[in-house]
Ligand code: ATP
Ligand code: MG
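In the numbering used here, the protein residues as written are 1208 to 1609.
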């Protein structure tokens, strides 16, 4: 990363600095919104001509991620480039990084792309933080199946690469199921994780600058359904202080030991260990803003996307402050279907509620399990946020969670 910041607004009274993003999904779209609000121009590279971020961006380069001409165009347009998803081809990021500041660095993204490398990093950090991954084994060849210790079963077999929203994961109860699942996943490199009895799930989002300065958001408490984030709740006191402090410390260490620049989210499990608060286990990291941080747009004075912009541009990272209790509800494509018939969710009904902010990502087709948008409920206190979120969920047909 270059030391001089990239400043927004007209440079020398003439042209606007441009920030680029690899990927055109909703995370890229919210990055674009934040960059534009600060006075930057944006360029998005995504092959889909109707991508959510591409449509919001000043410039949309609609080529494949590894298309040489597309990458050349992006470099020519942009002062600095980030990514909105971890599965950008590593070679493409390396090409960009040879000529432009790229944050996070391709080496950090490569680790987050691969559960085997990611878990090795967590295990190394655990020597300092005391917070490690779930017990696991690497499965790369037939012989690894026989070496799996009994204690990892029942477990979850996860592909090392390209998993998201619970895709590429199979729950296995015994050795026969494990062998069959690995076969079904195409014998690709995998990790087998012990299936833990989760008491809770948390996530921590930090932003780290090239100078090593780190700021963090409050610890998020997350509810997943079918492997997909469903609800995030954030207010003071929702996570015990000691647990929250340990999770933040572990996330800072994970970022620092990667020499990370940008926004990083680390997901944690809480499991019973006999103590009152339970023990922390680190699950996975995302080298970018995260779904569990969408509430920061409406409930914090600086959002995770603005911090991504600032970190990329080398601008100061002011510590964010949460000013409202928040409940975030994910809006999956399922809401557009009832008994096999297409329906339109009752947006007017939820917008009538106080403190509700609706964010739809501009996706044309609603499919079950597809993230179409989210809704943030903010209020002066947790009780009010929960009460409103319950009514909103009921009006939209989202199952109650409390
Ligand atoms: P994301 O969309 O967050 O990238 P992913 O597909 O990479 O998801 P994970 O975060 O590994 O998947 O798992 C998704 C969810 O499945 C977790 O949030 C948790 O609810 C459950 N899960 C994953 N691993 C375990 C485990 N070892 N024990 C119990 N539950 C687990
Ligand atoms: Mg996850």
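C-beta atoms are modelled at their ideal positions from N, C-alpha and C, and glycine is treated no differently.
Give the secondary structure of residue 1442 by DSSP, where H, G and I count as helix, E and B as strand, and everything else as coil. coil
In or out: residue 1395 buried (at least 16 other Cβ within 10 Å) or exposed? exposed
How many angstroms separate the CA atom of residue 1414 from the CA atom of residue 1421? 6 angstroms
Which whole-angstrom value is the C-beta distance of residue 1402 and residue 1361, which I expect to be below 8 angstroms? 5 angstroms
Beta-carbon separation of residue 1237 and residue 1424 under 8 angstroms? no
Do the region 1585 to 1601 and the region 1566 to 1575 meet, that is, are 3 or more Cβ pairs less than 8 angstroms apart? no
Could you tell me which whole alpha helix (DSSP H) segments of length 4 or greater appear in the region 1267 to 1352? 1275 to 1284, 1297 to 1304, 1313 to 1320 and 1322 to 1336
If you check the beta carbons only, do residue 1329 and residue 1461 fall under 8 angstroms apart? yes
Residue ranges of each beta strand (DSSP E) run of no fewer than 3 residues wholly in the region 1373 to 1446, ordered along the chain? 1376 to 1379, 1397 to 1401, 1405 to 1415, 1421 to 1423, 1427 to 1432 and 1435 to 1441
Is it the case that the CB of residue 1501 approaches a heavy atom of ligand 1 more closely than 7 angstroms? no
Using 8 angstroms as the limit for Cβ to Cβ distance, is residue 1450 near chain D? The structure shown has no chain D; it contains just one protein chain.
Among the residues of its own chain, which have a CB less than 6 angstroms from the CB of residue 1378, if the five just before and after it don't count? 1363
Bridge partners - residue 1486, DSSP secondary structure assignment: 1478
Taking C-alpha atoms, which residue in 1533, 1531, 1522 and 1534 lies nearest to residue 1226? 1522
Buried or exposed: where does residue 1211 fall if 16 or more other Cβ atoms within 10 Å of its Cβ makes it buried? exposed
Do you know offhand how far residue 1564's Cα is from residue 1344's? 43 angstroms
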